[in-house]
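The sequence shown lines up with residues 125 to 541 when you count with our numbering.
Where is the CB? At the ideal position from N, CA and C, for every residue including glycine.
All figures in this text were calculated on a predicted structure; none of them were measured in a lab.
Reviewing the structure listed below.
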Amino acid sequence: MNCIQHKTKLAVAMALSLAVFSAQAAEVEVLHWWTSGGEAKSVGELKKLMQAKGDSWKDFAVSGGGGENAMTVLKARVVAGDAPTAAQIKGPSIQEWANEGVLANLSAVAKAGHWDAQLPPVVSSAMKYQGNYVAVPVNVHRVNWMWVNPAVFKKAGATVPKTWAEFPAAADKLQKAGFIPVAHGGQPWQDFTIFESVVLGVGGADFYKKSMVQLDQGALQSATMLKAFNTFRMVRKYVDKDFSGRDWNLATQMVIQGKAGMQFMGDWAKGEFAAAGKKPGADYLCVDAPGTKGDFTYNIDSFVMFKQKSAEATKGQDDLASAIMSPEFQEIFNLNKGSIPARLDVKMDKFDDCAKKSHTDFIASSKAGTLVPSIAHQMAVPAATTGAIQDVVTQFFNSEMTSAQAVVKLAAAARTK
Ligand code: BGC
């Protein structure tokens with residue numbers, strides 16, 4: 125072969141491989157609300173994995189903890205006929221979106237990847253609509269945590285409270301020593317996050333299920349719910365004056381920096397401690413929210429894919445779904461995010477003690493019947509009902525509403541469809 129022939133052959137080969145490459149490359153536009161330090165690091169891992177598969181990642185990040193802003197933006201895009209490739213959606217909303225007929229069926233990818241065998245039933249059932257997978261889980265977060273700065277407690281001579289009855293004594297000591305007892309961000313979903321831990325701690329898992337999942341009218345207006353509101357009001361006394369509107373990760377920073385003693389937040393807060401180089405057991409403690417030892421409020425993050433017209437776009441979705449379910453991703457993502465893998469077969473060796481505790485508690489609570497869905501994080505009831513209940517909780521936290529008035533409003537809100 126002469127030089128020209130050789131060069132031509134090379135050029136043809138290159139053109140061919142480029143053609144193959146571009147046929148495989150797909151752009152995936154992914155809507156999510158992971159914008160804090162720990163969250164951004166975690167989602168960055170997914171982006172890397174997709175790029176390694178030759179797909180291009182178009183980031184569609186909508187800031188706002190808890191995802192309310194993201195959901196508003198998503199609805200507008202879908203209504204305008206311009207749905208992204210994938211979106212972070214969870215809980216009963218997955219079924220609501222599937223019911224609209226806009227979600228892609230992921231069952232072929234799920235079958236090839238043996239998802240049914242890899243996922244605990246509480247996770248897999250939440251991902252399905254009429255027996256088919258329409259969502260892919262990234263993790264399991266636990267919400268009923270209390271994040272503690274042990275140095276602050278030590279300086280104040282306070283003991284970490286194990287029950288809500290013990291809570292005021294500890295919080296008073298922190299306050300007297302000049303610390304903010306509770307780091308809190310006054311946004312409706314954050315108020316609701318504290319409230320659900322209070323309901324669980326005051327009433328126990330059965331009461332939580334009856335009131336927050338089954339929306340039993342009797343439970344919602346019971347003496348136990350009155351006690352929960354009284355306790356919630358008591359916690360309100362211990363937040364600082366600037367709490368209104370504060371983002372959750374800024375509240376976590378207050379604990380990290382030793383300005384505040386504790387925060388009630390799901391374990392995405394651990395992602396912030398980790399990103400700041402802090403070590404659990406030394407720099408901070410992860411303890412059960414008062415009265416909730418052995419109970420587990422779960423919050424599963426997941427992605428749905430919107431139906432696509434082109435084969436290339438569908439391929440991008442399949443790549444994304446299988447990347448998310450890969451053991452490598454489930455490990456690296458959750459090491460950064462603070463949650464535990466959704467897959468049962470991922471080893472916990474590299475995880476810290478908080479994640480190991482979460483993993484043990486997840487399995488034990490599932491057996492004991494004390495594994496409950498987080499209502500504040502949209503896992504328990506339909507979105508409209510969640511919103512109506514959240515409104516009552518926030519109004520109560522930010523007004524002089526009495527507990528007796530609150531239970532009546534709560535019961536009415538629970539009837540919202
Ligand atoms: C999500 C977490 C997220 C948190 C704060 C929760 O609802 O499940 O993944 O980190 O909101 O934005």
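Contact test: residue i Cβ vs the ligand BGC heavy atom, cutoff 6 Å
i	result
Asn423	yes
Gly418	no
Trp392	yes
Glu192	no
Gly215	no
Glu163	yes
His238	no
His501	yes
Gly189	yes
For residue i, the nearest candidate out of the options (CA to CA)
i	options	result
Leu173	Lys533, Val496, Arg467 and Glu455	Glu455
Ala293	Asn256, Lys351, Met358 and Tyr257	Met358
Lys77	Gly440, Val516, Ala393 and Glu524	Residue 77 is absent from the model: the chain starts at 125 and stops at 541.
Asp330	Ala437, Ser166, Asn193 and Phe420	Phe420
Ala234	Asp443, Ser527, Lys541 and Ser187	Asp443
Gly405	Gln175, Lys199, Ile213 and Trp271	Trp271
Ala413	Ala400, Gly390, Lys431 and Phe430	Gly390
Leu534	Asn522, Thr196, Thr509 and Asp206	Thr509
Ala241	Val167, Leu495, Asp469 and Ala384	Asp469
Ala222	Asn458, Gly237, Gly369 and Phe427	Phe427
Lys199	Ala507, Gln314 and Phe388	Ala507
Gly281	Arg266, Asn268, Lys297 and Ile424	Lys297
Phe430	Gly178, Leu170 and Val202	Val202
Ala204	Ala236, Ala185, His265 and Val226	Val226
Lys481	Val411, Val197 and Ile499	Val411
Asp485	Val267, Tyr408, Thr196 and Ala250	Val267
Pro497	Pro465, Met336 and Gln341	Met336
Lys165	Asp425, Thr518, Gln387 and Phe457	Phe457
Thr518	Phe184, Ala537 and Asn193	Ala537
Sequence-distant residues of its chain with Cβ nearer than 7 Å to residue i (five each side left out)
i	result
Gln219	Tyr253
Asn256	Asn229 and Ser231
Gly237	Ser446 and Met449
Trp372	Gly189, Gly309, Gln314 and Met389
Phe145	Low confidence applies to Phe145: its pLDDT is 41, below 50, so where it sits in the model is not reliable enough to give any reading.
Gly162	Trp392, Gly395, Glu396, Ala398, Ala399, Asn460, Lys461 and Gly462
Trp239	Ser248, Tyr257 and Met449
Gly440	Ala150, Glu151, Val152, Asp179 and Thr209
Lys279	Ala301
Lys474	Glu455 and Leu459
Cut-off 6 Å between Cβ atoms - residues of its own chain near residue i, not counting five sequence neighbours on either side
i	result
Gly327	Thr348
Lys361	none
Glu151	Ser180 and Lys182
Asp364	Ile304
Ser527	Leu350, Phe353 and Asn354
Ser368	Gly310
Asp476	Pro404
Phe356	Phe319 and Val322
Leu216	Before going on, a small fix: residue 216 reads as Pro here, not Leu. These residues qualify, in order along the chain: Pro506.
Gln529	none
Leu409	Val272 and Pro274
Endpoints, the alpha helix (DSSP H) within which residue i is located
i	result
Val322	Pro312 to Tyr332
Phe388	Note, Phe388: premise wrong, no alpha helix (DSSP H); beta strand (DSSP E) at Ala384 to Phe388.
Asp296	Phe291 to Lys300
Thr416	Here Thr416 belongs to no alpha helix (DSSP H), and DSSP marks it neither H nor E.
Val306	Unbroken run through Val306 is the beta strand (DSSP E), Ile304 to Val306; no alpha helix (DSSP H).
Asp183	Taken as a continuous stretch (DSSP letters only), Asp183 belongs to no alpha helix (DSSP H), being part of the beta strand (DSSP E) at Ser180 to Ala185.
Trp239	Trp239 to Gln242
Leu170	Gly161 to Ala176
Gln254	Looking at the DSSP string, Gln254 is not in any alpha helix (DSSP H), and its letter there is neither H nor E.
Asn460	Pro451 to Lys461
Glu396	Ala393 to Ala399
Residue range of the beta strand (DSSP E) that includes residue i
i	result
Val226	Per DSSP, Val226 belongs to no beta strand (DSSP E) and is neither H nor E.
Gln381	It is not in any beta strand (DSSP E) - Gln381 carries neither H nor E in the DSSP assignment.
Gln341	Per DSSP, Gln341 belongs to no beta strand (DSSP E); it is in the alpha helix (DSSP H), Gln341 to Leu344.
Val272	Trp269 to Val272
Phe475	From DSSP, Phe475 is part of no beta strand (DSSP E); its letter is neither H nor E.
Thr75	Because the chain is modelled from 125 through 541, residue 75 falls outside the range shown and cannot be assessed.
Glu151	Glu151 to His156
Proximal residues to residue i (C-beta, below 8 Å), its chain only, five neighbours per side dropped
i	result
Gln345	Val531, Val532, Leu534 and Ala535
Lys110	This structure gives no information on residue 110, because the portion of the chain shown stretches from 125 to 541.
Review point. Is the number of C-beta pairs between the region 295-311 and the region 445-454 that are closer than 8 Å three or more?
Key: no
Exercise for review: Please determine if the region 475-492 and the region 505-522 are in contact, where contact requires at least 3 C-beta pairs separated by less than 8 Å.
Suggested key: no
Exercise for review: Please confirm if the region 154-168 is in contact with the region 205-213, defined as three or more CB-CB distances below 8 Å between the two stretches.
Suggested key: yes
Check your understanding: Would you say the region 258-266 touches the region 431-449, given that touching needs at least three Cβ pairs under 8 Å?
Key -> yes
Point to revise | At least 3 beta-carbon pairs within less than 8 Å: the region 362-382 vs the region 304-317 | key: yes
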